[in-house]
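Novice: Below is a structure I'd like to ask you about.
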Amino acid sequence: MGTPTSAGCSLIFAQQTLLWLWQLAISNEIQEEFPVHQFVKRLVDSPIFLNTIVAIIVFNAILLGMETSPMIMDRFGGIVLFLDQACLTIFVIEILLKLYARPLGFFRNGWNLFDIVIVGIALVPAAGGFQVLRALRILRVLRVISTAPRLRRVVEGFITALPGMGSVFLLMALIFYIGAVMATKLFGGAFPEWFGDLGRSAYSLFQIMTLESWSMGIVRPVMDVYPHAWAFFVPFILLTTFAVVNLLVGLIVNSMQDAHHEEDVARTDTYRDEVLARLEVIERHLTQADTPK
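Residues 1 to 293, numbered by full-length UniProt numbering, are exactly what the sequence shown covers, in order.
Below is the structure:
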């Protein structure tokens with residue numbers, strides 16, 4: 001698809017610009033003398049900037065999908081690759097602007113590190129052992145998560161729920177183990193392809209839990225031989241599909257609500273700090289104005 005030369009040039013450009021902006025940003029004197037720093041800070045926080053980046057990410061995802069079509073690449077391959085490189089350049093500039101705006105807090109934000117990894121994969125020259133990385137360029141679409149607050153809140157809620165989900169998964173594993181042992185002993189003799197051993201029984205029970213062909217595919221044939229088999233399968237479905245799975249969903253929803261609450265608290269604290277800072281400036285100016293000259 002793209003040439004190693006274009007990817008290499010993008011990598012060199014990113015390295016040189018990153019070094020220059022980092023040296024510029026860490027100097028407080030330069031930040032005070034150049035109002036461009038405040039302009040960049042307001043720019044990267046503006047809704048227009050964020051919405052533009054989201055639109056470019058979606059457009060780049062469409063381009064990556066077009067690259068999989070031989071017909072499109074035969075006719076418009078040059079244009080598609082050029083636009084893809086243009087999108088990549090914009091992503092690099094976006095990261096550099098964020099780094100320049102907040103050099104000290106940039107690497108404390110996990111989403112910024114996520115963006116660096118995703119964009120960095122695309123900057124690696126697609127040659128030799130790195131050829132497989134070309135397929136990973138589609139991961140750039142995941143940057144929508146870091147730029148869209150609603151999606152970011154969903155992911156943060158899911159990650160926050162992982163410790164609690166561990167206990168639920170352990171409970172489900174115990175239920176599956178007990179059910180697999182019972183199913184093997186009860187139905188293994190007549191249905192060895194489904195319940196012949198512990199592994200097959202666990203897989204069959206997993207299929208039953210997902211409700212994929214559970215009735216006509218497994219349960220009814222078993223009930224033709226064991227009429228009272230419903231007494232085993234129905235409680236298993238109620239316990240796993242409707243109880244444990246809903247418990248997982250409840251944990252995720254609760255974590256999302258907690259993440260939303262923490263975000264609101266952080267936004268309120270930031271607004272309060274800004275108001276206090278402005279009041280201090282006003283008070284300082286009033287004090288200077290009242291001081292006799």
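C-beta atoms are modelled at their ideal positions from N, C-alpha and C, and glycine is treated no differently.
The structure presented is a predicted model; accordingly, all values stated were derived computationally and were not measured.
#1: Exposed or buried, His37, counting other C-beta atoms within 10 Å across all chains shown (16 or more means buried)?
#2: Which of the three DSSP states is assigned to Asn28 in this structure?
#3: What does the alpha-carbon distance come out to for the pair Asn28 and Phe39?
#4: Near Leu50, what residues of its chain come up, given a Cβ to Cβ distance below 6 Å and the 5 sequence neighbours on each side ignored?
#5: Which same chain residues end up closer than 6 Å to Val141 when comparing Cβ atoms and leaving out the 5 residues on each side of it in sequence?
#6: Output the boundary residues of the alpha helix (DSSP H) element that contains residue 294.
#7: So which of Ala173, Ser201, Lys41, Gly166 has the shortest CA-CA distance to Val181?
#8: Looking only at its chain, what residues have a beta carbon closer than 7 Å to the beta carbon of Glu283, apart from the 5 residues adjacent to it on each side?
#9: Alpha helix (DSSP H) containing Pro227: first to last residue?
#10: Would you kindly work out how many angstroms separate the C-alpha atoms of Val234 and Val155, rounded to a whole number?
#11: Taking the beta carbon of Val119 as the centre, do at least 16 other beta carbons fall within 10 Å, making it buried, or is it exposed?
#12: Apply the 10 Å Cβ neighbour rule to Val275 and answer buried if 16 or more other Cβ atoms are within range, or exposed otherwise.
#13: Note down the Cα distance separating Ala231 from Val54, rounded to an integer number of angstroms.
#14: Can Gly217 be considered in contact with the ligand MG, in the sense that its beta carbon sits closer than 7 Å to one or more heavy atoms?
#15: When the Cα of Phe59 is compared with those of Arg75, Phe76, Val144, which residue comes out closest?
#16: Helix, strand or coil for Pro235? Go by DSSP, reduced to three states.
#17: Taking 7 Å as the limit between beta carbons, can you name the residues of its chain near Ala122, skipping five residues before and five after?
#18: Suppose the cutoff is 6 Å on Cβ atoms and the five residues either side in sequence are ignored; what does the same chain contact list for Leu97 look like?
#19: Pick helix, strand or coil for Asn112, following the three-state DSSP scheme.
#20: Measure the C-alpha to C-alpha separation of Glu221 and Gln207 and round it to an integer number of angstroms.
#21: Mind the definition here: the segment 186 to 197 touches the segment 236 to 252 only if three or more C-beta pairs lie below 8 Å; say whether that holds.
#22: Does the beta-carbon of Tyr100 have 16 or more other beta-carbons within 10 angstroms, so that it is buried, or is it exposed?
#23: Can you give the Cα-Cα distance for Phe91 and Ile116, rounded to whole angstroms?
#24: Should Gly166 go down as buried or exposed, given a rule of 16 or more other Cβ atoms within 10 Å for buried?
#25: Can you have a look at Glu94 and say buried or exposed, based on whether 16 or more other CB atoms are within 10 angstroms of its CB?
#26: Below 7 Å CB to CB, which residues in the same chain sit around Met256 once its five sequence neighbours on both sides are set aside?
#27: Taking only three categories from DSSP, how would you classify Leu211?
#28: Tell me whether the beta-carbon of Ile252 lies closer than 8 Å to the beta-carbon of Ala173.
#29: Please work out which residues of its chain come closer than 6 Å, Cβ to Cβ, to Asp84, disregarding the five sequence neighbours upstream and downstream, and give them in chain order.
#30: If I follow the unbroken alpha helix (DSSP H) through Thr160, where does it start and stop?
#31: Given that a residue counts as buried once 16 or more other Cβ atoms are within 10 Å of its Cβ, and exposed if not, what is Leu205?
Specialist: This is what the structure holds:
#1: buried
#2: Because Asn28 sits at a pLDDT of 46, beneath the cut-off of 50, its placement in the model cannot be relied upon, and the point is left open.
#3: Legend: pLDDT at Asn28 = 46, less than 50; position of this residue unreliable, no value from coordinates given.
#4: Thr147
#5: Ala61
#6: Nothing can be reported for residue 294: it is not among the residues displayed for the chain, which extend from 1 to 293.
#7: Ser201
#8: none
#9: No alpha helix (DSSP H) holds Pro227; DSSP gives it neither H nor E.
#10: 34 Å
#11: buried
#12: exposed
#13: 52 Å
#14: Among the components modelled here there is no ligand, and therefore nothing to report on the ligand MG.
#15: Val144
#16: helix
#17: Leu88, Arg137, Arg140
#18: Val40, Val44
#19: helix
#20: The amino acid occupying residue 221 in the given sequence is Pro; Glu does not appear at that position. Cα to Cα, the separation comes out at about 15 Å.
#21: no
#22: buried
#23: 9 Å
#24: exposed
#25: buried
#26: Arg153, Val154, Gly157
#27: coil
#28: no
#29: Leu63
#30: 149 to 187
#31: buried
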